[in-house]
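Chains as they are written, first to last, in the numbering used here: chain Y, 8 to 643; chain G, 5 to 193. Even glycine gets a Cβ: it sits at the ideal position worked out from N, Cα and C.
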Amino acid sequence: MSRSVLLAAASLLALASPVRAQQLALNDINQMSIQQLAKVEITSVSKGAEPLSDAPASVYVISHDDAIRSGATSLPDLLRLAPNLEVMQTSPSNYVITARGFNGNAADQNFSDKLLVLIDGRSVYSPLYSGVYWDMQDVPPENIERIEVISGPAGTLWGANAVNGVINIVTRKAADTQGGYLDLGVGDEESSAALQYGGHLSDDLAYRVYAKDFYQRAFDSSPGVSAHDGWSKPQGGFRMDWTPENDTVTLEGDLYGGAEASLGTPNQVIGGGNITASWQHALEENSNLQLLTYYDETQRSMENGGAFVLNTYDFEIQHNFSLGGWNNIVWGAGERADQYRITDRLSTASSLLFIPPARSLNLADIFAQDRIPVTDRVELTLGLKLEDDPYSGWSPMPDARLAWKITDKDLVWAAVSRAIRSPTPFDVDVSEKLGSTTFLTGNANFLPEEVTAYEAGYRGQFSSALSFSLSLFDNVYDHLKSIQLNSTPASLLEWGNTIEGHVYGLESWATYQALDWWRLSAGFNLQHENFIFTPGAIPLLDVSQEGDDPHHQASLRSSMDLIDNLTFDADFRDVGALPDPKVPEYVEANARLAWHVTDRLDLSLSGFNLLHGHHVEYLPGDEIRRNFFLETRWRF
Amino acid sequence: MALLKRNSRAGTWRSCRHAAVLLLTLAAAGQQARAQSSLEYEVKAAYLVKFAPFIEWPDTAFSSTGAPLTICVVGPDPFGQLLDRAAAGARDGDRPVIIRRLAEPDAACQILFVGGDDRAVESELEAVKDRPVVTVTDSGASAHGIISFAVISNHVRFDIDEAEADSVSIHISSKLLDLAHVVRKGARP
Numbered sequence: 008m009s010r011s012v013l014l015a016a017a018s019l020l021a022l023a024s025p026v027r028a029q030q031l032a033l034n035d036i037n038q039m040s041i042q043q044l045a046k047v048e049i050t051s052v053s054k055g056a057e058p059l060s061d062a063p064a065s066v067y068v069i070s071h072d073d074a075i076r077s078g079a080t081s082l083p084d085l086l087r088l089a090p091n092l093e094v095m096q097t098s099p100s101n102y103v104i105t106a107r108g109f110n111g112n113a114a115d116q117n118f119s120d121k122l123l124v125l126i127d128g129r130s131v132y133s134p135l136y137s138g139v140y141w142d143m144q145d146v147p148p149e150n151i152e153r154i155e156v157i158s159g160p161a162g163t164l165w166g167a168n169a170v171n172g173v174i175n176i177v178t179r180k181a182a183d184t185q186g187g188y189l190d191l192g193v194g195d196e197e198s199s200a201a202l203q204y205g206g207h208l209s210d211d212l213a214y215r216v217y218a219k220d221f222y223q224r225a226f227d228s229s230p231g232v233s234a235h236d237g238w239s240k241p242q243g244g245f246r247m248d249w250t251p252e253n254d255t256v257t258l259e260g261d262l263y264g265g266a267e268a269s270l271g272t273p274n275q276v277i278g279g280g281n282i283t284a285s286w287q288h289a290l291e292e293n294s295n296l297q298l299l300t301y302y303d304e305t306q307r308s309m310e311n312g313g314a315f316v317l318n319t320y321d322f323e324i325q326h327n328f329s330l331g332g333w334n335n336i337v338w339g340a341g342e343r344a345d346q347y348r349i350t351d352r353l354s355t356a357s358s359l360l361f362i363p364p365a366r367s368l369n370l371a372d373i374f375a376q377d378r379i380p381v382t383d384r385v386e387l388t389l390g391l392k393l394e395d396d397p398y399s400g401w402s403p404m405p406d407a408r409l410a411w412k413i414t415d416k417d418l419v420w421a422a423v424s425r426a427i428r429s430p431t432p433f434d435v436d437v438s439e440k441l442g443s444t445t446f447l448t449g450n451a452n453f454l455p456e457e458v459t460a461y462e463a464g465y466r467g468q469f470s471s472a473l474s475f476s477l478s479l480f481d482n483v484y485d486h487l488k489s490i491q492l493n494s495t496p497a498s499l500l501e502w503g504n505t506i507e508g509h510v511y512g513l514e515s516w517a518t519y520q521a522l523d524w525w526r527l528s529a530g531f532n533l534q535h536e537n538f539i540f541t542p543g544a545i546p547l548l549d550v551s552q553e554g555d556d557p558h559h560q561a562s563l564r565s566s567m568d569l570i571d572n573l574t575f576d577a578d579f580r581d582v583g584a585l586p587d588p589k590v591p592e593y594v595e596a597n598a599r600l601a602w603h604v605t606d607r608l609d610l611s612l613s614g615f616n617l618l619h620g621h622h623v624e625y626l627p628g629d630e631i632r633r634n635f636f637l638e639t640r641w642r643f
Numbered sequence: 005m006a007l008l009k010r011n012s013r014a015g016t017w018r019s020c021r022h023a024a025v026l027l028l029t030l031a032a033a034g035q036q037a038r039a040q041s042s043l044e045y046e047v048k049a050a051y052l053v054k055f056a057p058f059i060e061w062p063d064t065a066f067s068s069t070g071a072p073l074t075i076c077v078v079g080p081d082p083f084g085q086l087l088d089r090a091a092a093g094a095r096d097g098d099r100p101v102i103i104r105r106l107a108e109p110d111a112a113c114q115i116l117f118v119g120g121d122d123r124a125v126e127s128e129l130e131a132v133k134d135r136p137v138v139t140v141t142d143s144g145a146s147a148h149g150i151i152s153f154a155v156i157s158n159h160v161r162f163d164i165d166e167a168e169a170d171s172v173s174i175h176i177s178s179k180l181l182d183l184a185h186v187v188r189k190g191a192r193p
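Put into structure tokens, the structure is as follows:
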């Protein structure tokens with residue numbers, strides 16, 4: 008099957024003449040009127056207006072176009088485009104996603120928990136365990152403006168839990184998604200429908216509303232044997248932007264509910280809603296005031312007990328300005344309250360309890376950063392964040408970065424920074440029972456996991472066709488989470504902080520515009536993890552409990568604008584073997600052929616995981632099958 | 005110690021792993037770097053191409069009536085492919101729009117984007133000072149062309165020096181002047 012698709016692709020390629028293909032992927036900017044151009048927002052709203060090309064950090068940006076052309080239907084699959092992330096799927100609804108290792112070890116109850124994920128400024132990692140429930144996060148690809156992926160600590164500016172990276176998802180403004188839009192997809196694994204409408208209430212007040220639903224059928228637990236874990240999740244939402252002269256006011260929200268089947272464990276029901284309001288006010292040139300507030304509710308429950316309800320209230324303020332003409336200062340503060348109630352999962356065989364079952368956690372922070380030009384071409388960035396965590400109190404997170412623009416097209420940077428993953432209810436309050444025996448409890452003295460990262464990088468634009476980025480990192484970790492013997496008789500085991508270590512490696516990517524109509528992108532990363540038990544600790548299990556990470560990952564993507572109205576995209580990924588539990592190295596490929604039939608109608612056929620009938624990405628995890636997806640997008 | 009380890013591995017731990025599956029379902033079952041600046045320059049590139057219909061050049065600015073409208077970039081090129089894409093297929097009336105990249109400013113350009121450091125910009129502006137060329141400078145530059153980009157609260161805007169345009173017989177439409185952030189007024193007829 009895959010061979011025939013590749014053959015078809017090859018014959019299409021042969022047909023494609025190297026004529027300047029029209030920009031099929033609708034280059035929105037170039038189609039705008041000159042009046043509209045003045046309304047395009049050009050930098051990330053957060054944290055000062057610095058072009059990312061100058062940012063002294065390992066940053067990869069997934070554009071709207073890349074997102075659409077990947078054919079990916081879910082947020083996690085879109086994130087596979089970022090070479091500085093590891094994305095591993097375990098079931099139709101669940102993924103493990105990390106940067107720079109620490110994908111966790113499910114059997115040892117160590118979960119990937121060191122990323123900050125933001126959707127339009129709303130933090131979506133769960134404060135219950137610091138990990139992300141990826142099945143609860145969805146943004147229709149059509150509405151994604153861009154996704155900024157920063158690997159390495161970025162806690163100073165971006166917020167709590169940015170230990171190993173930040174995924175910042177920015178949605179498109181309502182003004183950019185005007186008119187009606189209907190998206191219908193059908194495939195051998197998934198069928199989906201999305202309907203959206205955007206309009207203007209007045210010249211400076213635009214809105215959109217959307218609704219979508221999908222059904223994804225179960226994967227296999229072993230080839231040919233269903234894992235019975237299909238799911239569906241209807242979701243709807245809106246966004247409104249009011250843009251008077253010097254202000255931008257945005258109100259947006261989503262509502263969703265879903266049902267996930269699973270084999271051997273009870274089915275789950277998930278649901279939630281959120282509403283975010285932000286106000287950006289331009290004070291003068293290079294000076295902005297931004298307020299952001301949101302409310303987010305999430306719920307999960309298992310059919311026969313075990314549930315939680317979490318309500319998050321957040322308020323943030325940020326102000327950037329220049330001082331004395333040469334300091335670029337950003338400062339701000341935030342306060343978040345997480346109120347939750349957990350319903351214990353009780354059974355005669357095994358139980359999971361949280362003591363106490365309900366809490367209100369307060370997280371506060373204050374931060375400041377100054378960008379100081381040292382010379383014309385050298386800029387120093389100094390930042391400090393003070394974070395008041397619910398369990399561990401105040402922690403400083405300093406950050407120092409140096410950027411040297413050797414020429415307008417070459418940037419060398421270096422950075423030293425510190426970040427923490429603060430304790431959560433899962434680290435402190437949990438109690439697990441087998442029968443009537445308590446075998447594991449949380450630890451009231453659990454320490455924040457800490458990282459000090461030493462980084463350096465180069466970014467260059469070698470010619471108008473070739474750009475390249477290389478980042479090197481050596482992250483030193485302390486007080487990593489581990490299982491230890493409980494010193495009190497309350498239980499056999501408890502969480503501890505008895506592992507330390509360092510992870511070093513490189514992240515690199517390049518983009519090459521080979522021809523007007525053909526772009527190639529490649530990514531490669533290497534990492535070496537070196538963990539040891541702290542002196543004096545009694546080792547239990549081994550250091551593999553921290554993560555089961557591949558030593559290397561490589562990717563190659565080809566984006567072609569073929570004859571007139573056809574685009575063809577293909578990507579290959581090679582993910583190294585996982586050591587414990589062992590998962591063999593795999594190479595997989597996706598491809599998408601899209602036909603821009605008219606300005607109103609697009610048709611596309613995507614094939615995913617084309618090289619093999621099935622493969623495994625993480626254990627415990629399902630067999631992921633080769634599959635195809637046919638999609639129509641109609642604008643009206 | 006060894007016994008305990010074996011025990012915990014083989015006995016309790018296997019059970020732990022079972023419980024872990026439970027927990028899993030509750031707890032965890034749960035620019036490319038240029039892209040950002042490229043958005044800024046994508047907008048600037050689009051502007052460069054879209055300015056033309058709002059501008060009238062004296063006939064002396066073109067070698068012939070059908071000669072293309074030439075947009076030139078002198079000095080470091082911040083646009084790369086973006087400008088070529090913006091200009092692809094674009095026309096100004098009967099004239100096709102073409103892009104040229106130059107080492108030295110050239111009067112054969114109708115629109116000239118001048119990049120580089122302040123000193124370079126100044127000397128390049130000086131080189132075409134009396135020619136009917138719409139000079140465009142980037143935001144942040146201290147020397148300003150007839151049109152100068154400005155980034156104002158995350159939006160790309162532009163200032164127009166109408167007096168300077170007048171002095172080289174270039175007429176800028178009032179529609180474009182209205183869109184400009186700041187206009188240095190020229191002599192009104």
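Under 6 Å Cβ to Cβ from residue 564 of chain Y, same chain only, skipping five residues before and after it: list those, please.
528, 578
For residue 68 of chain Y, count neighbouring C-beta atoms within 10 Å of its own C-beta (all shown protein chains included) and say buried if the count is 16 or more, exposed if not.
buried
Using a beta-carbon distance cut-off of less than 7 Å, what residues from the region 41-73 of chain G approach chain Y?
41, 43, 44, 46, 47, 50, 51, 54
Taking 8 Å as the CB-CB cut-off, is residue 84 of chain G touching chain Y?
yes
For my contact list, residue 453 of chain Y and residue 502 of chain Y are in at a C-beta cut-off of 8 Å; report their separation, rounded to the angstrom.
6 Å
Residues near residue 389 of chain Y by beta carbon distance below 6 Å, same chain, minus five either side:
377, 407
In chain order, what residues of the same chain lie with their CB nearer than 8 Å to the CB of residue 180 of chain G, ignoring the 5 residues before and after it?
55, 58, 59, 164
State yes or no: is the C-beta of residue 132 of chain Y within less than 8 Å of the C-beta of residue 168 of chain Y?
In this structure, the beta-carbon distance from residue 132 of chain Y to residue 168 of chain Y falls below 8 Å.
Apply the 10 Å Cβ neighbour rule to residue 36 of chain G and answer buried if 16 or more other Cβ atoms are within range, or exposed otherwise.
Because residue 36 of chain G sits at a pLDDT of 27, beneath the cut-off of 50, its placement in the model cannot be relied upon, and the following sentence gives the value as read from the coordinates. With 16 or more Cβ atoms within 10 Å of its Cβ, residue 36 of chain G is classed as buried.
Just checking: is the beta-carbon of residue 123 of chain Y within a distance shorter than 8 Å of some beta-carbon in chain G?
no
Taking 8 Å as the CB-CB cut-off, is residue 90 of chain G touching chain Y?
Yes, contact with chain Y.
CB-CB under 6 Å to residue 417 of chain Y, same chain, minus the five flanking residues each way: which ones, in chain order?
Short of 6 Å from the beta carbon of residue 417 of chain Y, and not among the five residues preceding or following it, lie these beta carbons of its own chain, in chain order: 467.
Chain Y beta carbons: is any one of them nearer than 8 Å to that of residue 80 of chain G?
Taking 8 Å as the threshold, the shortest C-beta distance from residue 80 of chain G to chain Y falls below it.
Measure the C-alpha to C-alpha separation of residue 107 of chain G and residue 606 of chain Y and round it to an integer number of angstroms.
If I take the Cα positions, the gap works out to 40 Å.
Rounded distance between the beta-carbons of residue 86 of chain Y and residue 75 of chain Y, thought under 8 Å
Actually they are not in contact, since the Cβ atoms of residue 75 of chain Y and residue 86 of chain Y sit about 15 Å apart, beyond 8 Å.
Assuming residue 219 of chain Y is part of the beta strand (DSSP E), what are its boundary residues?
212-223
Got a sec, what are the start and stop residues for the beta strand (DSSP E) residue 562 of chain Y sits in?
559-568
By Cβ distance below 8 Å, which residues in the same chain neighbour residue 254 of chain Y in space, the five residues on each side in sequence not counted?
286, 287, 288, 289
In whole angstroms, give me the CA-to-CA distance for residue 302 of chain Y and residue 137 of chain G.
Between the alpha carbons of residue 302 of chain Y and residue 137 of chain G lies a distance of about 54 Å.
Taking C-alpha atoms, which residue in Y:39, Y:543, Y:624 lies nearest to residue 94 of chain Y?
Y:624
Name the chain Y residues that come within less than 7 Å of residue 106 of chain G, Cβ to Cβ?
By Cβ distance, chain Y contributes nothing, its closest Cβ being about 14 Å from residue 106 of chain G, past 7 Å.
Using CA coordinates, which residue listed in Y:551, Y:475, Y:437 is at the minimum distance from residue 535 of chain Y?
Y:551
Just grab the DSSP bridge partners of residue 395 of chain Y for me.
Y:371, Y:401
Extract the residue ranges of the beta strand (DSSP E) inside the region 218-283 of chain Y, only unbroken runs of 3 or more that lie entirely within it.
For the region 218-283 of chain Y, whole beta strand (DSSP E) runs of length 3 or above, ordered along the chain, are 227-229, 242-249, 254-267.
Among G:149, G:161, G:160, which has the Cα closest to the Cα of residue 167 of chain G?
G:149
Cβ of residue 282 of chain Y less than 8 Å from any chain G Cβ?
no
Would residue 570 of chain Y count as contacting chain G if we go by Cβ distances under 8 Å?
no
From Y:530, Y:357, Y:273, Y:569, residue whose alpha carbon lies closest to that of residue 442 of chain Y:
Y:357
Tell me residue 294 of chain Y's beta-bridge partners as DSSP assigns them.
Paired residues: Y:291.
Residues bridged to residue 597 of chain Y [DSSP beta-bridge criterion]:
Y:578
Residue 130 of chain Y CB to nearest chain G CB: under 8 Å?
no
Could you run through the region 412-431 of chain Y and flag, in chain order, every residue whose CB is less than 9 Å away from some CB of chain G?
414, 415, 416, 418
If I follow the unbroken alpha helix (DSSP H) through residue 657 of chain Y, where does it start and stop?
Because chain Y spans 8 through 643 in this model, residue 657 of chain Y falls outside it and cannot be assessed.
Along chain G, which residues have their Cβ under 7 Å away from the Cβ of residue 37 of chain Y?
50, 89, 90
CA-CA distance, residue 210 of chain Y and residue 318 of chain Y?
35 Å
Can you give me, in chain order, the residues of the region 153-182 of chain G that have a beta carbon less than 9 Å from any beta carbon in chain Y?
154, 155, 156, 157, 158, 159, 160, 161, 162, 179, 180
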